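This report concerns only the one structure given below.
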Amino acid sequence: MRRLLTIASVFSCLAMTEIAAEPAQKPDQVEVKFKFEPGRSTRLKVVTKSVGTMKLPGPIPEQKFSQTFEQVLTSTCRKINPDKTVVMDMTMSDLAMHMSIGGFTLDYDSKTYDPAKATGPTAFVGKMFSAMNGATFTLTLSEDGRPLKVQGLTESIKKAMDQLGDDKELAPVKKMFDQLSSFIGDSTMDDQMQTFYRMSPPKKGPIKIGEKWEQTWSMRQLPMMAGAMQGKGEYQLVGIEELNGRKCEKVKVKESFSMLPPDKQPDAKPMAGLPGLEGILGRMKMEMSSSGGDGEAYIDYERGELVHLRQTQRLTISISMAADPSDPNEETRRGMPTMVQKIFNSVRVDLMDDAGGASAEPAVKETAKSAGDVTR
Amino acid sequence: MAWLAIGTAVVLLGGGWAWAQNPGQEVDRSFRFIERMAQATDLFNADKPQEALDIFRDLAANYPDLDEDGDAAIGIGDCLSLLGLYDQARAAYQGAAAAHPNLQASIVERLADLDLAGEVSDEALARLRADAASGRPVAYWRLGRALQKRAQAMLTEAAKSFRAAETADASGELFPKPSMLTNHTAALEELGKDLGTLIGRTESFWSSLRGVPRKVAEAQAEAKEGIVGLERGKAEYLVRTKDGQRMEIQIRRESDCDEQIVINGKTVQLKPEDQRRIQQYQVRINAILLEAAGQSGEKRIEGSQR
């Protein structure tokens, strides 16, 4: 889920489309222009790192947890429609993951994975990731860069799952994906595509250094969530700088999310109309909250492309499962007491060098006075 | 000039919060903290506690503001515990609890585990008994683990004492023939070994749940010591009961798990706990027979018994 959120946030930056002939930017203000070129491709490297603990039912102590996930998102502008909407073809590739929890370690790299040599959980995860490596989907944007539609991600993941064949180990995963496909894939990605769009001020025209804006948004509720959640973001233009040869607006970001209070929870429950999920998923309750959420983003204001993003976030996830005396499975009949996972998470996105294909350490050249020093 | 100074101060104070925020440096620090925590976590989980300890100490000292959840602070104690430095681990845990009150419950559990590390002291036993008075299953379970460790230690000491009684100079004392003690001492030593094997299995299971690779490997090795697997077996017994009845018992076993028992021509199904007990004794019988074969220079007998 976190990967999908990251993917969505990253390539929504490529969604800005309008070309406008405007006078040169004043040194203390900037207006983001959107520039699309059919056939032009860009690549973003996304690295997500998480550390924390997972508390399992007693008497087992917390397990120390670390995970690093990497991927490359290639975005190609396919066409600009007559109504000025833009169609982008997106591809996920170069998937790699390292995970360590307790005495269990898992490593996967799509570039070096050899199914013949993989054993145990690595084989299991390797099959899934290898099938998903290369997944494609389409993003349609409005002329002002607003994400309008995501298509094909659900189908792409489903095709990937189908490639796994009748593997018994993966059958439960396939079944769960089928049941949850209306909640993950296209529709969730569509929701998350708004993330980068929110980093642009809602008002049109130039914005000045120091100017702030806020956004709130509702988050799609997964079936096992205890309730609906809302996100809140605070943004500020803190500088205009050149980064990796691109003229960028530097935006300070602070985002968090939390459960809506009971009196604001929607009446409709996501489990309604989803037969087959009333089993274990229906008994599960998951709550999430976050804090921190600080970050900074560099956005090429001449093209509307994300050049660099770093953000950290603290997450607390608690999961419990109610007892069910009629459950035929003895292990799950008594339910599960609340397990709490605390994670400190970082996301880093870098626009890869179009020529070299490798991300370079950001080289910052200050072109206007910033509202804070940048240390590299 | 005074008004100019005041006005400048107001502008700086009012609009300067963004300058003071220095977002880049804050994000840099957070990224470094996460990167180093990941390194320390990987090292800890890979059973490299000394290297992990160095990083956890650095993080706790230099990034206390970012160690909100106390993971670095508690990691120091966990590493020291793995290194067998239990007193230092205890001090580290108590320090972590003082700095992070939210960790109190976790640290109480860890301190209880420290009580079970190494020899179980009288003080530790008293603490565990007091905790068990709460009625929590976990507390009873810990007390049980501690008492069985203490029992093993006492069995060992008892056997040593009897051995000493056998060999000590008895002149001037009216003492039973030392040879009378030999069988009893041997039985006591066997009991101690059996209990040690049982404890090894318990601790191996617990270590695997805790996810500690070295402890798992050690515990598994200890638990496996002396275990011999039965591949195939066949036995016949003619047993006469107290009231004169004769019972013809035939046992055929294809593996440790697949067994058929026929008594006077009728197949008998044993309860799981009885199967376990027979299996346990069979393991010992196999070990004794193999040891005898080794001592006598006979070829190794595999799985057969008469």
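As they're listed, the protein sequences go chains G and L. Under this note's numbering, residues 5 to 380 are what the first sequence spells out, in order. Under this note's numbering, residues 2 to 307 are what the second sequence spells out, in order. We treat Cβ as the ideally placed atom computed from N, Cα and C, and that holds for glycine. Note that the structure is predicted; figures quoted are calculated from it, not measured.
Report the residue from the options whose alpha carbon sits nearest the alpha carbon of residue i.
i: residue 309(L); options: 203(L), 158(L), 182(L) and 157(L); result: Chain L is shown from 2 up to 307; residue 309(L) falls before or after that span and cannot be answered.
i: residue 265(G); options: 256(G), 291(G), 258(G) and 127(G); result: 291(G)
i: residue 147(L); options: 113(L), 50(L), 161(L) and 47(L); result: 113(L)
i: residue 57(G); options: 85(L), 42(L), 189(L) and 275(L); result: 42(L)
i: residue 215(G); options: 223(G), 242(G) and 236(G); result: 242(G)
i: residue 143(L); options: 255(L), 173(L) and 132(L); result: 132(L)
i: residue 44(G); options: 36(G), 93(G) and 53(G); result: 93(G)
i: residue 223(G); options: 54(G), 51(G), 309(G) and 235(G); result: 235(G)
i: residue 325(G); options: 308(G), 343(G), 313(G) and 198(G); result: 343(G)
i: residue 65(L); options: 140(L), 88(L), 30(L) and 160(L); result: 30(L)
i: residue 65(G); options: 59(L), 78(L), 186(L) and 288(L); result: 78(L)
i: residue 340(G); options: 331(G), 346(G) and 354(G); result: 331(G)
i: residue 146(G); options: 91(G), 76(G) and 248(G); result: 91(G)
i: residue 105(G); options: 283(L), 201(L), 204(L) and 40(L); result: 40(L)
i: residue 109(G); options: 49(G), 126(G), 245(G) and 299(G); result: 126(G)
i: residue 125(L); options: 284(L), 88(L), 164(L) and 48(L); result: 88(L)
i: residue 192(L); options: 273(L), 170(L), 158(L) and 204(L); result: 158(L)
i: residue 263(G); options: 307(G), 300(G), 208(G) and 319(G); result: 319(G)
i: residue 152(G); options: 210(G), 232(G) and 201(G); result: 201(G)
i: residue 110(L); options: 280(L), 140(L) and 241(L); result: 140(L)
i: residue 194(L); options: 245(L), 150(L), 271(L) and 33(L); result: 150(L)
Taking Cβ positions only, does residue i come closer than 7 Å to chain G?
i: residue 203(L); result: no
i: residue 38(L); result: yes
i: residue 121(L); result: no
i: residue 43(L); result: yes
i: residue 46(L); result: yes
Taking residue i as the query, report the chain G residues whose CB atoms sit under 9 Å from its CB, ordered along the chain.
i: residue 32(L); result: 53, 314, 316, 350 and 352
i: residue 111(L); result: 65
Using a cut-off of 7 Å between C-beta atoms, extract the partners of residue i located in chain L.
i: residue 346(G); result: 70
i: residue 32(G); result: Neighbours of residue 32(G) on chain L: none; closest Cβ ~13 Å, over 7 Å.
In chain G, which residues lie less than 7 Å from residue i when you measure between Cβ atoms?
i: residue 35(L); result: 53, 55, 316, 348 and 350
i: residue 28(L); result: 298, 299, 300, 314 and 316
Using a C-beta cutoff of 7 Å, does residue i count as contacting chain L?
i: residue 309(G); result: no
i: residue 342(G); result: no
i: residue 251(G); result: no
i: residue 359(G); result: With a pLDDT of 38 at residue 359(G), under the threshold of 50, the modelled position of this residue cannot be trusted, and the question is left open.
Below 8 Å on C-beta distance, what does residue i contact in chain G?
i: residue 172(L); result: Those within 8 Å of residue 172(L) in chain G number zero; the least Cβ separation is about 54 Å.
Can you round the beta-carbon distance between residue i and residue j to whole angstroms, since I take them to be within the 8 Å contact cut?
i: residue 314(G); j: residue 328(G); result: Wrong, their Cβ atoms sit about 44 Å apart, outside the cutoff.
i: residue 46(L); j: residue 68(G); result: 6 Å
i: residue 212(G); j: residue 33(G); result: 4 Å
i: residue 46(G); j: residue 79(G); result: 5 Å
i: residue 190(L); j: residue 154(L); result: Not really, about 13 Å apart at Cβ, beyond 8 Å.
i: residue 137(G); j: residue 77(G); result: Going by Cβ atoms, the distance from residue 137(G) to residue 77(G) rounds to 12 Å, so no, they are not a contact pair.
i: residue 44(L); j: residue 53(L); result: 4 Å
i: residue 256(G); j: residue 297(G); result: Residue 256(G) to residue 297(G), Cβ: 11 Å. No contact.
i: residue 303(G); j: residue 36(G); result: 7 Å
i: residue 247(G); j: residue 48(G); result: Contact flag wrong, Cβ pair sits at about 14 Å.
i: residue 38(G); j: residue 124(G); result: Not quite, the Cβ-Cβ distance comes to about 47 Å (not below 8 Å), so this is no contact.
Interfacial residues, the segment 65-89 of chain G to chain L, with Cβ spacing under 9 Å: 65, 66, 67, 68, 69, 70, 71 and 72
Contact residues within the segment 100-115 of chain G, judged by C-beta distance below 9 Å to chain L: Along the segment 100-115 of chain G, going in chain order, the ones with a CB nearer than 9 Å to a CB of chain L are 102, 104, 105, 106, 107, 108 and 109.
Where the segment 94-109 of chain L meets chain G: residues whose CB sits under 7 Å from a CB there: Residues passing the 7 Å Cβ filter: 107.
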